[in-house]
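Accompanying notes for the structure given below.
In my numbering, the protein residues as written are 6 to 299.
The structure is reproduced here in structure tokens:
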């Protein structure tokens with residue numbers, strides 16, 4: 006995979022290939038190098054991880070991020086519960102060919118095309134191997150939910166897995182990045198906002214949250230956004246939600262209207278129905294009936 010120079014050149018589309026809650030008796034996993042990222046949370050027990058010949062003793066509450074190309078030896082010194090995820094953060098069209106490496110895999114030259122870019126190779130980013138987030142419960146909840154949704158294996162679950170992966174990525178960059186976006190053009194920054202919106206449609210999003218991504222004041226952000234796209238940011242968000250709802254109505258016949266409203270970020274069915282009717286001229290239920298008749 007070609008090594009990007011800055012985050013602006015990348016496409017962040019998380020792809021989870023293995024994840025579990027991992028409750029085990031004392032254990033070890035032999036030395037290897039990784040093609041992808043490994044995030045581990047120490048929920049219970051005592052672990053010793055050796056990363057690039059540096060030994061880390063991990064206790065409950067610790068998180069570990071092992072980056073692509075790192076030399077890794079894992080040991081659980083007691084009975085442990087260590088929820089983890091092997092994942093790509095950056096898009097690679099050959100990602101389906103990649104895999105969690107096995108013990109003893111040290112020479113990865115034959116798999117260089119599958120190797121993910123390292124976060125710490127980007128200017129201004131320095132993620133430590135072991136860390137504790139400023140808001141540990143939020144980071145933990147994202148990881149745990151990502152694991153659960155990945156194990157479900159449903160279409161909706163996979164969408165949420167991507168959202169949660171983006172959330173973890175943003176947390177890492179925001180915690181351990183230093184003014185990494187100073188050289189981004191306004192267009193790139195606005196496109197980053199659009200990407201954020203599309204991946205967080207099920208969440209409550211304010212204009213201030215959008216503006217903080219650039220960052221600009223909400224009033225200035227609204228003016229810049231409207232100049233670029235010809236529509237106010239909240240109206241754009243509403244359109245995205247209705248478009249997602251239309252797609253779900255057509256492709257998920259087993260979902261109720263209330264479920265679709267929730268998945269698309271509406272607080273209640275009444276708000277959803279009103280917004281849907283204003284945009285399409287019909288109610289969600291009527292739209293579903295019309296779609297069935299076609």
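Ideal Cβ placement from N, Cα and C applies to all residues, glycine included.
DSSP puts residue 140 in a beta bridge; with which residues?
None, per the DSSP bridge assignment.
What is the residue span of the alpha helix (DSSP H) that residue 107 lies within?
No alpha helix (DSSP H) holds residue 107; DSSP gives it neither H nor E.
The beta strand (DSSP E) that contains residue 54, what's its start and end?
Start and end: 52 to 56.
Closest to residue 28 by C-alpha separation, out of 226, 277, 144, 51, would be which residue?
Checked all of 226, 277, 144, 51; the closest Cα to residue 28 is 51.
From residue 3 to residue 32, what distance separates their C-alpha atoms?
Here the chain has residues from 6 to 299 only, and residue 3 is not among them.
Inspect the CB distances between the stretch 257 to 276 and the stretch 203 to 217 and report whether three or more fall short of 8 angstroms.
Yes, the stretch 257 to 276 is in contact with the stretch 203 to 217.
Hey, out of 259, 117, 151, whose CA is closest to residue 163's CA?
Nearest C-alpha to residue 163: 151.
Is the distance from the Cβ of residue 100 to the Cβ of residue 226 below 8 angstroms?
No. Outside cutoff.
How many Å lie between residue 49 and residue 124 at the Cα?
Using only the alpha carbons, I get a separation of about 27 angstroms.
What do you get for residue 168, buried or exposed, if any count of 16 or more other CB atoms within 10 angstroms of its CB means buried?
Per the 10 Å Cβ criterion, buried.
Just to check my reading of the structure: residue 95 and residue 122 have Cβ atoms closer than 8 angstroms, yes? What is that Cβ distance to the nearest angstrom?
Yes, residue 95 and residue 122 are in contact; Cβ-Cβ is about 6 angstroms, under 8 angstroms.
As a quick exercise: from 43, 103, 113, pick the residue whose alpha carbon is nearest that of residue 88.
Residue 43 is the option with its Cα nearest to residue 88.
The beta strand (DSSP E) with residue 311 in it runs from where to where?
Not covered by the structure: residue 311. The range shown for the chain is 6 to 299.
State the DSSP-derived secondary structure class of residue 87, mapped to helix, strand or coil.
Reduced to three states, the DSSP call for residue 87 is coil.
If you measure between the beta carbons of residue 119 and residue 146, is that distance less than 8 angstroms?
Cβ distance not < 8 angstroms, so residue 119 and residue 146 don't count as in contact.
Quick one: grab the DSSP three-state call for residue 59.
Strand, per DSSP.
In the DSSP output, what is residue 49 paired with across the bridge?
In DSSP, residue 49 forms a bridge with 86.
What separation, rounded to the nearest whole angstrom, lies between the Cα atoms of residue 1 and residue 55?
Shown here, the chain extends from 6 to 299; a query on residue 1 therefore has no answer.
Note down, in chain order, each residue of its chain lying with its Cβ closer than 6 angstroms to the Cβ of residue 230, except the 5 sequence neighbours on either side.
The residues are 238.
Give the range of the alpha helix (DSSP H) segment to which residue 166 is assigned.
Looking at the DSSP string, the run of the alpha helix (DSSP H) that includes residue 166 is 160 to 181.
Taking residue 131 as the reference, which of 165, 70, 160, 46 has the closest Cα?
Minimum Cα distance to residue 131 is reached at 70.
Under three-state DSSP, which class holds residue 96?
Here residue 96 sits in coil by DSSP.
Can you tell me the Cα-Cα spacing of residue 39 and residue 142, whole angstroms?
So the alpha carbons of these two residues sit roughly 27 angstroms apart.
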